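Notes to accompany the following structure.
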Amino acid sequence: MEESLLTNIPGTRDLLPDDVAVWQSVEEHARRIFAQYGFQEIRTPILEASDLFARSIGGDTDIVGKEMYTFADQSGKSISLRPEATASVVRAYVQHSMHRASAPAKLYYIGPMFRHEKKQKGRWRQFYQIGAEVLGSDHPAIEAEVIEMLLRFFAALGVQSRLLINSVGCANCRPPYVSTLRQVLHQRASSLCEDCRRRTEVNPLRVLDCKVESCQPQINSLPMITQHLCANCENHFERFRNHLTEAGIPFEVVARLVRGLDYYVRTAFEIVSGDLGAQNALAGGGRYDGLSEVLGGPPVHGFGFALGQDRLVMVLDEQWGKNAVWRPELFVISMGEAAFKRSLAIVRLLRAQGIACYFEFEGGSIKSQMRLANKIRAHHVLLIGENELLRERYQIKCMQDSKQWEVTLSELSSYLLGEQSRARKEAGCVPAANESVPSQNS
Ligand code: AMP
Numbered sequence: 001m002e003e004s005l006l007t008n009i010p011g012t013r014d015l016l017p018d019d020v021a022v023w024q025s026v027e028e029h030a031r032r033i034f035a036q037y038g039f040q041e042i043r044t045p046i047l048e049a050s051d052l053f054a055r056s057i058g059g060d061t062d063i064v065g066k067e068m069y070t071f072a073d074q075s076g077k078s079i080s081l082r083p084e085a086t087a088s089v090v091r092a093y094v095q096h097s098m099h100r101a102s103a104p105a106k107l108y109y110i111g112p113m114f115r116h117e118k119k120q121k122g123r124w125r126q127f128y129q130i131g132a133e134v135l136g137s138d139h140p141a142i143e144a145e146v147i148e149m150l151l152r153f154f155a156a157l158g159v160q161s162r163l164l165i166n167s168v169g170c171a172n173c174r175p176p177y178v179s180t181l182r183q184v185l186h187q188r189a190s191s192l193c194e195d196c197r198r199r200t201e202v203n204p205l206r207v208l209d210c211k212v213e214s215c216q217p218q219i220n221s222l223p224m225i226t227q228h229l230c231a232n233c234e235n236h237f238e239r240f241r242n243h244l245t246e247a248g249i250p251f252e253v254v255a256r257l258v259r260g261l262d263y264y265v266r267t268a269f270e271i272v273s274g275d276l277g278a279q280n281a282l283a284g285g286g287r288y289d290g291l292s293e294v295l296g297g298p299p300v301h302g303f304g305f306a307l308g309q310d311r312l313v314m315v316l317d318e319q320w321g322k323n324a325v326w327r328p329e330l331f332v333i334s335m336g337e338a339a340f341k342r343s344l345a346i347v348r349l350l351r352a353q354g355i356a357c358y359f360e361f362e363g364g365s366i367k368s369q370m371r372l373a374n375k376i377r378a379h380h381v382l383l384i385g386e387n388e389l390l391r392e393r394y395q396i397k398c399m400q401d402s403k404q405w406e407v408t409l410s411e412l413s414s415y416l417l418g419e420q421s422r423a424r425k426e427a428g429c430v431p432a433a434n435e436s437v438p439s440q441n442s
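Position 213 of the sequence shown, counted from 1, bears residue number 213 in the working numbering, the numbering being contiguous throughout.
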């Protein structure tokens, strides 16, 4: 059957104006907090050479093997929609010779990623990630700092999160560990799922990631990498933990937490939320010192994370409910032709001062306009009729406590500007759950 042209592609979705308010708030928070830590935004293309991902993420991963949107362009070159952005950021960093700068680069990105995943709650085929990367430093303190930034971001949004950390070793200590792991997995092959038997051959570290119930007892008793770290990795991991402790950041060491790719070294971490059910990972990251070389570039130290914006928004939608939707500070109701014109001029003036105003052109009775003001949750209503026009004093009503009083135009604008900045300060840009608008006298 032909699919309707008026339906979006499965796994993608439209974010409608009421949805977008939360997304914007999340992005504002990220930009504000990341800037405090010296991060600057980078925007790389959504289209990249397929090999960039095949080499960096690995040809045997689900992402590259099954989930990439790949096609030949008009010249026959294989192109993919990016399934993640770290490889692109590293490519851009090397391509634009940022590695020649003396200081590390602190870069962040916000944008859509594409993976043709199985349909399930919390997974989309076009989803959005916010990520940050520090390129050019291997100091464990920078790892703790990046994590501190990320946790501050979640805390500012009021999201409960837990930090899980591990070390995945390096090119010295991981290969002997991986061969020990493979041996043990071979002995236990009959109790493992088919995927794990395959992973045993291709990349045994990924067995530790398996979510299949029947594999869990086997996996929990496998040798773990933390007991096989070399002295340098041990030392790095200890310094990293100390930096976290000094910054007052609680963490749990989870020996099973691995990033299954060869270029990952040492620190790996995940941030999970209690509020998300099975898909509870909000963000994941780690150190990837070998990535640039895998792509044919110079040695570059790299550390970063990506967080799933869709999942974060799911949590926030639960917490904030309707409160995140755009609310005008002022809803202007006019009565009569002259008042209509004056209202337009007032709305124009207030907007130019930065006050969010709503004006209903279609008019209607005062009663129906009040109903609309209520529905869109305007903070205040301004009434302008013949009488008000003559006296140049207007009736303002606070929708929270129904108090009504008279104001001149300049009183109105200074009152509303004060209200807006107070609400912003109180909320730290977050729509407060119990927003209260004080009366004029308080
Ligand atoms: P990854 O790039 O796979 O390490 O994922 C980083 C974060 O992106 C995860 O913790 C998720 O929150 C999010 N994420 C990954 N894949 C999807 C998807 N298909 N749909 C929604 N969010 C995703």
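Cβ coordinates follow ideal geometry from the N, Cα and C atoms, glycine included.
Remember, predicted model here, so these are calculated numbers, not experimental data.
Original post:
Do you know whose CA, among 59, 74, 216 and 349, lies nearest residue 68's CA?
Top reply: Selection 59, 74, 216 and 349 evaluated against residue 68 yields 59 as nearest (Cα-Cα).
Original post:
Taking 6 angstroms as the line, does the beta carbon of residue 281 fall inside it for any heavy atom of the ligand AMP?
Top reply: For the ligand AMP, at least one heavy atom lies less than 6 angstroms from the Cβ of residue 281.
Subject >> residue 79 versus residue 113: straight-line alpha-carbon distance, rounded >> reply: Rounded to the nearest angstrom, the two C-alpha atoms are 14 angstroms apart.
Original post:
Okay, do the stretch 330-350 and the stretch 384-396 touch, 3+ Cβ pairs below 8 angstroms being the bar?
Top reply: Short answer: they touch.
Original post:
Does the beta-carbon of residue 57 have 16 or more other beta-carbons within 10 angstroms, so that it is buried, or is it exposed?
Top reply: That one is buried.
**OP:** Pull up the distance between the alpha-carbon of residue 85 and that of residue 184, whole angstroms please.
**Re:** Cα-Cα distance, rounded: 35 angstroms.
Subject >> Contact belief for residue 167 with residue 311 at Cβ below 8 angstroms, rounded distance in angstroms >> reply: The beta-carbon separation of residue 167 and residue 311, rounded to 26 angstroms, does not stay under the 8 angstroms limit for a contact.
**OP:** State the beta-bridge partners of residue 135 as determined by DSSP.
**Re:** Answer is 105 and 302.
Subject >> The beta strand (DSSP E) enclosing residue 48, as first and last residue numbers >> reply: Where residue 48 is concerned, the enclosing beta strand (DSSP E) stretches over 47-49.
Original post:
Should residue 505 be counted as a contact of the ligand AMP given a C-beta to heavy atom distance under 6 angstroms?
Top reply: There is no way to answer for residue 505, as the model of the chain reaches only from 1 to 442.
Original post:
Using the rule of at least 16 other Cβ atoms within 10 Å of the residue's Cβ for burial, across every protein chain shown, is residue 283 buried or exposed?
Top reply: Burial call: buried.
Original post:
So, using beta-carbon positions, are residue 90 and residue 292 closer together than 7 angstroms?
Top reply: Going by C-beta atoms, residue 90 is nearer than 7 angstroms to residue 292.
Subject >> Limits of the alpha helix (DSSP H) - the one that residue 34 falls within >> reply: Annotation for residue 34: the continuous alpha helix (DSSP H) segment containing it runs 17-36.
**OP:** Please say whether residue 50 and residue 70 have beta carbons closer to each other than 7 angstroms?
**Re:** In this structure, residue 50 lies closer than 7 angstroms to residue 70 by Cβ.
Original post:
Can residue 127 be considered in contact with the ligand AMP, in the sense that its beta carbon sits closer than 6 angstroms to one or more heavy atoms?
Top reply: At least one heavy atom of the ligand AMP is nearer than 6 angstroms to the Cβ of residue 127, so yes.
Original post:
Under three-state DSSP, which class holds residue 263?
Top reply: DSSP places residue 263 in the coil class of the three-state scheme, outside both helix and strand.
Original post:
Say the cut is 6 angstroms; is the CB of residue 23 nearer than that to a heavy atom of the ligand AMP?
Top reply: Residue 23 has its CB no nearer than 6 angstroms to any heavy atom of the ligand AMP.
Subject >> Rounded C-alpha distance that separates residue 94 from residue 14 >> reply: Their backbone Cα atoms lie some 35 angstroms apart in a straight line.
Original post:
How about residue 13: is its Cβ closer than 6 angstroms to a heavy atom in the ligand AMP?
Top reply: Checking the Cβ of residue 13 against the ligand AMP gives no.
Subject >> Presumed contact (8 angstroms Cβ cut-off) between residue 270 and residue 257, rounded CB distance >> reply: That belief holds up - the Cβ atoms of residue 270 and residue 257 are roughly 6 angstroms apart, short of 8 angstroms.
Subject >> Beta-carbon gap between residue 131 and residue 306 smaller than 7 angstroms >> reply: Residue 306 is positioned such that its CB atom lies closer than 7 angstroms to that of residue 131.
Original post:
For residue 228, which three-state DSSP category applies?
Top reply: The three-state secondary structure of residue 228, taken from DSSP, is helix.
Original post:
Sorted by chain position, which residues of the same chain lie with C-beta nearer than 8 angstroms to residue 212's C-beta, five sequence neighbours on each side aside?
Top reply: Closer than 8 angstroms at the Cβ level, and outside the excluded window around residue 212, lie 193, 195 and 196.
**OP:** Determine the closest residue to residue 443 out of 363, 331, 348 and 349, with distance taken between C-alpha atoms.
**Re:** No statement about residue 443 is possible, as the shown extent of the chain runs from 1 to 442 and does not include it.
Original post:
For residue 308, does the three-state DSSP call read helix, strand or coil?
Top reply: When secondary structure is reduced to three states using DSSP, residue 308 falls in the strand class.
Original post:
According to DSSP, is residue 397 helix, strand or coil?
Top reply: In the structure shown, residue 397 sits in a strand (DSSP, three-state: E or B).
Original post:
Should residue 9 be labelled buried (16 or more other beta-carbon atoms within 10 Å of its own) or exposed?
Top reply: Around the CB of residue 9, fewer than 16 other CB atoms lie within 10 Å, so the residue is classed as exposed.
Subject >> Closer than 6 angstroms: residue 317 CB and nearest the ligand AMP heavy atom >> reply: No, the beta carbon of residue 317 sits no closer than 6 angstroms to any heavy atom of the ligand AMP.
**OP:** Could you check how far apart the C-beta atoms of residue 81 and residue 46 are, in whole angstroms? I think they sit under 8 angstroms.
**Re:** At roughly 6 angstroms, the Cβ-Cβ gap stays under 8 angstroms, so residue 81 and residue 46 are in contact.
**OP:** Flag this pair as yes or no: are the beta carbons of residue 228 and residue 140 separated by less than 7 angstroms?
**Re:** No, the pair does not count as a contact, with Cβ atoms beyond the cut-off.
Original post:
In or out: residue 432 buried (at least 16 other Cβ within 10 Å) or exposed?
Top reply: For residue 432, the pLDDT reaches just 35, beneath the cut-off of 50, and the residue's location in the model is therefore unreliable, although a value from the coordinates is still provided. It is exposed - the Cβ of residue 432 has fewer than 16 other Cβ atoms within 10 Å.
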